[in-house]
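In this note's numbering, the protein residues as written are 807 to 1640.
Only one structure is covered here, and it is reproduced in the block below.
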Amino acid sequence: MYGQETEYHTDSVQTLLNLSNNKTVKSISLKHNQTSAAWILQVSNMGNKVGVFTDEQIEAFQDCTFFTKKEILRIFRRFRELAPNAIPKVMSSVDTNRIRLPYQQVKAMTELKENPFCERICQVFSEDGTGALSFEDFLDLFSVLSEIAPRELKTVYAFKIYGKFHWSLDFDGDNYLGKEDLRSTLRCLTRNELSEEEVEFVVEKVLEETDLDDDGKLSYIEFEHVISRSPDFMTPRFHIFTDPPIFSVLKWLVNLGKQLLVCRLKSTMKLAIVLLSILFTCCNARLQLSRQSYMKFPYQYTNGDPTSPRYGLFQNAAHKAAFHTVDKILYVASARSAQKYLHIIDMNNPAAPTILMTHVFENTVDGHITALDACSDTIAVALSAADPVGEGHIELYTPYNRADRVFTRTHRITVGVNPKDVAHTSDCTRLVVANSGAATLNPSSNTFTDPEGSVTIIIRNDQGFPIEINMDFTQLNDRVVDYITNGVRYVFRGDHGAGIVNTFSQDLEPESVTISNDDRFAFVSCQRNNAILKIDMFNQRIIELYSLGAKNWTSFNIDTSDMNDAANLRYHTVYSFYQPAQLAYSVIDGKGYVVSVDTGKMTTYTQAQHGYAFNDGVRARVAWSDGELDTTTMNPTLLAQIQDNQQLGRVHMSRVDGYNIFNKIGDVFLFGGRGISLWDSTTMAHVFDSGDDLERRASQLYPNTFNGDCSNGNQSPTQQVDERSDDMGPEPGALASGLVGTTPVLIVGSRNGVIYVFNMRGVSANFESAHREGSTNDIWNNLYTNDAAGDQIISDMGFVGAGNSPSGTPFVYVIGQATGSLSVYNVVDVPDIF
């Protein structure tokens, strides 16, 4: 205990508390005098001013807050946006105190609606205690919780927010946080997910380390003493608006066992500090998405007539896209079941994109468009072969010429089987192509065939034919034991009884490509194999194949059942493979990292389509009933969850991994990391994992479409809620990255249309906001017809920075494969009110 090492000035503290409760006082601000180390309390009744927003009125606002004139006007715009018809454009000093927004309107703000303490926060800053806010209340709230407000002022209001009389704002001379206050705070914070026994345990531990005089309650002095020990209290590490991370921390700790609580946090003082300070920390502005436009693409033109387009849900009318920054043109390609269309879109006005031309690929030897990439002087289009075991091609085009209205092909280059992704180096002189070589039924022999996967490097030579260097993976077969031992998945090893031999190199299936900023290295994901290839671009050789390991879900929430019709996040002692579907390269603080969206992938072969039936996934309860699990050594709790369809029984687990020496599955491995990761580009060490962020945010913000699907046109989004929980959950499948101002951002698109925005300050992805477009109150077919289906099964996206944006505002384009659609969203820097 360390309660005697700090001196407190009780009279000053009491004065602060009393003044903050005085309903005639409109604002208090504490400004630190560095020379005298004293705190000066400034009190102003701004409601007595007369006139409109005159210089004098602005000056009064500035005197009583921590804002400049520009910031005050910006906050007023934010206030007025909540009710533009009720808030006049010009407010008198009387209006700034008289006109109040009801709590129901205030809480609709994205920043507040996520916060479990929303109502308490509004009531504390509301003059009448109802939660209704005048502009002066609103400005006070901004000011007190701004980044530059002093810790002491934040502490006063933090104490008020979870104080005994927080509903009435009347401390009544008590000024204590008792056990019931802490219990209520903890229940609210954890959304009543902790048992009463767990709540009591945490409360007792908090009081044990913070109740300095052992009277069973916390005075303001004791509370402030705890806050003073929190280095995060004056940093923008946590957002007050979002579900605080203490929830995950507490549940993780309790789940591990109460005896581990102190050990894992080093001391219960750490727990106390986190619990009491995390809800009242300052924030930066929040990055959000604002939709500018939406358009659907035709999957067919009747008789080739461009005036007779045909539209439809689930027709794969859009799949991949690439933006040409010089010409402000977006190229959008259709997918497998649609015609081979490449739509050329004018993006000079992102709020109203228009189709300039639709290029049709008519070569009958080609299958479908699989990937696109745009560079300054070329557009690369990847095409599979109509013959499923045939070689694919890369076609190079000069960018669309607006004046001549032509799109001219310059080269057609043969690559490996089934090219899945293509990327240019920064100088446009080289391309890297990932050829998956996916298994299929060989139409010539009518037998199962798994072509070799490969990577092709194309070196452009505009004076002649480009040079192509194809690298297969046969050299890796000699080290197959090492790779398997390190965690690379060798999914289908053939069936010797059926005469099928499938080598390790054949089993490797490249999926996505990204290239380092200096063009020295390419990184290629092998999604189903849970691995990444690192390639030396200068010497055109494979440096290494890296296993991505497995994610341990003991510390995170996960929903693994599709039978709850709602979010049902729980802790389970299971693992999952990351299996990224898409990669990006990012430089953070001068060091390179590979960013991955950890989608997940099961491998399924059928007799009809592949010439052999195989599946590497099985429902956990079926694996148990079929005797594939080692029930003698498996944790009894885990085994019980596997037998329960409301928990793990329905989830798809691997039936080719997790085997022990008894040739039984001893560890449960699921598919997909259900999040995003950062990997050190030098060592490929895993340096960041978003944990359960995606599912947790979706459960809070969009509970009626949580882990939902878009697969049945006669059902509504709410009817398909929870349908993907037993598969890969949120299934993030697309990402885009760039800069908003000086802030590096990462934007992630998921299968069910939720788009997540993260900042990349430090070696982590810090949640900013989430956005889901579209309605939920009708069936998918009708929503599609009415342009209200949103971005379903997001298959591609890209970021366009302010410098390349026609409007000067950064935006992200999003392709919805199920909806065959393009959405354009501005990435806006919305001021956080706290």
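All residues carry an ideal CB built from backbone N, CA and C; glycine is no exception.
Original post:
How would you label leucine 1066, buried or exposed, when you count the other beta carbons within 10 angstroms and need 16 or more for buried?
Top reply: For this step, residue 1066 is matched to residue 260 along the sequence shown. In this prediction, leucine 1066 scores a pLDDT of 36, lower than 50, which makes its location untrustworthy; the coordinate-derived value is nonetheless stated afterwards. Label assigned to leucine 1066: exposed.
Original post:
Using the rule of at least 16 other Cβ atoms within 10 Å of the residue's Cβ for burial, across every protein chain shown, is leucine 847 buried or exposed?
Top reply: Within the sequence shown, residue 847 is the residue found at index 41, counting from 1. Note on leucine 847: pLDDT 33, under 50, position unreliable in the model; the coordinate value appears next. By the neighbour-count rule (16 or more Cβ atoms within 10 Å), leucine 847 is not buried but exposed.
Original post:
Any idea what DSSP makes of glycine 1544, helix, strand or coil?
Top reply: Residue numbering aside, residue 1544 sits at position 738 when the sequence shown is read from its first letter. Reduced to three states, the DSSP call for glycine 1544 is strand.
Original post:
For tyrosine 1381 versus aspartate 1301, is the C-beta distance shorter than 8 Å?
Top reply: For the purposes of this step, residue 1381 is identified with residue 575 of the sequence shown, where counting begins at 1. For the purposes of this step, residue 1301 is identified with residue 495 of the sequence shown, where counting begins at 1. Contact: no.
Subject >> Residues that DSSP places opposite tryptophan 776 in a beta bridge >> reply: An answer regarding residue 776 cannot be provided, because it is not within the stretch 807 to 1640 covered by the chain.
**OP:** Please work out which residues of its chain come closer than 6 Å, Cβ to Cβ, to tyrosine 963, disregarding the five sequence neighbours upstream and downstream, and give them in chain order.
**Re:** As a working mapping, residue 963 is identified with position 157 in the sequence shown. Same-chain partners within the cutoff: Val950.
Subject >> Other residues of its chain near glycine 1475: CB distance less than 7 Å, five sequence neighbours each side excluded >> reply: Position 669 of the sequence shown, counted from the first residue, corresponds to residue 1475. It should be noted that the sequence gives phenylalanine, not glycine, for residue 1475. Result list for phenylalanine 1475: Ala1356, Tyr1381, Ser1382, Phe1383, Met1459, Ser1460, Asp1463, Gly1464, in chain order.
Original post:
Looking at the unbroken beta strand (DSSP E) that takes in arginine 1097, where does it start and where does it end?
Top reply: Counting from 1 along the sequence shown, the entry for residue 1097 is found at position 291. Where arginine 1097 is concerned, the enclosing beta strand (DSSP E) stretches over 1092-1102.
Original post:
In this structure, does DSSP put serine 1627 in helix, strand or coil?
Top reply: Taking the sequence shown and counting its residues from 1, one reaches residue 1627 at position 821. Three-state DSSP puts serine 1627 in a strand.
Original post:
Going by alpha carbons, who is nearest to leucine 1189 out of His1174, Tyr1203, Ser1182?
Top reply: For the purposes of this step, residue 1189 is taken as residue 383 along the sequence shown, with counting starting at 1. If we check each option's Cα against that of leucine 1189, His1174 comes out closest.
**OP:** Would you identify the three-state DSSP class for isoleucine 1290, choosing helix, strand or coil?
**Re:** Here residue 1290 refers to the residue found at position 484 when the sequence shown is read from its first residue. Of the three classes helix, strand and coil, the one that applies to isoleucine 1290 here is helix, per DSSP.
Original post:
Just to confirm, are isoleucine 1482 and serine 1402 a CB contact at a threshold of 8 Å?
Top reply: Taking the sequence shown and counting its residues from 1, one reaches residue 1482 at position 676. Taking the sequence shown and counting its residues from 1, one reaches residue 1402 at position 596. Closer than 8 Å, so yes.
Subject >> Identity of the residues DSSP links to glutamine 1388 by a beta bridge >> reply: Position 582 of the sequence shown, counting from 1, holds the residue named residue 1388. DSSP lists Val1403 as partners of glutamine 1388.
**OP:** Kindly provide the ranges of any alpha helix (DSSP H) runs that are 4 or more residues long and lie completely inside the stretch 1587-1613, ordered along the chain.
**Re:** none
Subject >> Start-to-end residues for the alpha helix (DSSP H) that takes in serine 1431 >> reply: Here residue 1431 is taken as the residue at index 625 of the sequence shown, counted from 1. Segment 1426-1431, the alpha helix (DSSP H) holding serine 1431.
Subject >> Rounded straight-line distance, which links the Cα of proline 1550 to that of isoleucine 864 >> reply: Position 58 of the sequence shown, counting from 1, holds the residue named residue 864. Position 744 of the sequence shown, counting from 1, holds the residue named residue 1550. Between isoleucine 864 and proline 1550, the C-alpha separation is close to 34 Å.
Subject >> Touching by the beta-carbon criterion (3+ pairs, under 8 Å), the stretch 1092-1103 and the stretch 1153-1173 >> reply: yes
Subject >> leucine 1435: first and last residue of the uninterrupted beta strand (DSSP E) it sits in >> reply: Start at 1 with the first residue of the sequence shown, and residue 1435 comes out as number 629. Counting along the chain, leucine 1435 falls outside any beta strand (DSSP E), and DSSP gives it neither H nor E.
**OP:** With a cut-off of 8 Å on the beta carbons, I'd call aspartate 1532 and aspartate 1422 a contact; round off their distance for me.
**Re:** Taking the sequence shown and counting its residues from 1, the one referred to as residue 1532 is at position 726. Taking the sequence shown and counting its residues from 1, the one referred to as residue 1422 is at position 616. Not confirmed; about 16 Å, so no contact.
Subject >> Terminal residues of the alpha helix (DSSP H) in which alanine 1414 lies >> reply: The sequence position of residue 1414 within the sequence shown is 608, counting from 1. That run of the alpha helix (DSSP H) goes 1413-1416.
**OP:** Excluding the 5 residues preceding and the 5 following alanine 1542 in the sequence, name in chain order all residues of the same chain whose CB lies nearer than 7 Å to its CB.
**Re:** Residue numbering aside, residue 1542 sits at position 736 when the sequence shown is read from its first letter. Here the set comprises Ile1553, Met1603, Gly1604, Phe1605, Val1618.
Original post:
How is the beta strand (DSSP E) around threonine 1220 delimited, first residue to last?
Top reply: Taking the first residue of the sequence shown as 1, we reach residue 1220 at position 414. Residues 1215-1223.
**OP:** Output the distance between the C-alpha atoms of glutamine 868 and phenylalanine 859, rounded to the nearest integer angstrom.
**Re:** Your numbering for residue 868 matches position 62 in the sequence shown. Your numbering for residue 859 matches position 53 in the sequence shown. If I take the Cα positions, the gap works out to 12 Å.
Original post:
Counting pairs of Cβ atoms below 8 Å between the stretch 1622-1637 and the stretch 1586-1603, do you hit three or more?
Top reply: Taking a cut-off of 8 Å on C-beta distances, the stretch 1622-1637 touches the stretch 1586-1603, as three or more cross pairs fall below it.
Original post:
CB-CB under 6 Å to methionine 1490, same chain, minus the five flanking residues each way: which ones, in chain order?
Top reply: Here the question's residue 1490 lines up with position 684 in the sequence shown. Excluding positions up to five away in sequence, the list reads Tyr1352.
Original post:
Where does the unbroken alpha helix (DSSP H) through leucine 1351 begin, and where does it stop?
Top reply: By one-based count along the sequence shown, residue 1351 stands at place 545. Leucine 1351 -> not in any alpha helix (DSSP H); beta strand (DSSP E) instead, spanning 1347-1353.
**OP:** Could you tell me if glutamine 1415 is buried or exposed, where buried requires 16 or more neighbouring beta carbons within 10 angstroms of its beta carbon?
**Re:** Here residue 1415 corresponds to residue number 609 of the sequence shown, with the count starting at 1. Flag for glutamine 1415 reads exposed.
Subject >> Host alpha helix (DSSP H) of phenylalanine 948 (start-end) >> reply: One-based indexing of the sequence shown puts residue 948 at position 142. 941-950 is the span of the alpha helix (DSSP H), which, as asked, contains phenylalanine 948.
Original post:
Under a Cβ-count criterion, where at least 16 other Cβ atoms within 10 Å of its own Cβ denotes burial, should lysine 895 be classed as buried or exposed?
Top reply: To locate residue 895, count along the sequence shown from 1; it is residue 89. Lysine 895 is exposed by the Cβ-count criterion.
Original post:
So what does aspartate 1106 bridge to, in DSSP terms?
Top reply: Indexing the sequence shown from 1 puts residue 1106 at position 300. The sequence as given places glutamine at residue 1106; aspartate does not occur at that position. Among the bridge pairs identified by DSSP, glutamine 1106 is matched with Arg1116.
Subject >> Separation of valine 1636 from proline 1194, as counted between CA atoms >> reply: The residue labelled residue 1194 in the question sits at position 388 within the sequence shown. The residue labelled residue 1636 in the question sits at position 830 within the sequence shown. One C-alpha to the other measures close to 49 Å.
Original post:
Is DSSP giving serine 1001 helix, strand or coil here?
Top reply: Counting from 1 along the sequence shown, the entry for residue 1001 is found at position 195. In this structure, serine 1001 counts as coil in the three-state DSSP scheme.
Subject >> Start-end ranges of the alpha helix (DSSP H) lying completely within the stretch 1167-1222, minimum 4 residues >> reply: Scanning the stretch 1167-1222 for uninterrupted alpha helix (DSSP H) segments of 4 residues or longer gives nothing; none is fully contained.
Original post:
Just curious, the beta strand (DSSP E) that proline 1316 is in, first and last residue?
Top reply: Along the sequence shown, one-based indexing puts residue 1316 at 510. Run containing proline 1316: 1316-1321, per the beta strand (DSSP E) assignment.
Original post:
In the DSSP assignment, what are the bridge partners of alanine 1337?
Top reply: Translated into positions along the sequence shown, residue 1337 becomes position 531. Answer by DSSP bridge pairing, in chain order: Cys1332, Ser1353.
**OP:** Leaving aside the five residues before and after asparagine 1510 along the sequence, list all residues of the same chain whose C-beta is less than 8 Å from its C-beta, in chain order.
**Re:** Here residue 1510 refers to the residue found at position 704 when the sequence shown is read from its first residue. Once the five neighbours on either side are set aside, the close Cβ partners of asparagine 1510 are Pro1523, Thr1524, Val1527, Thr1582.
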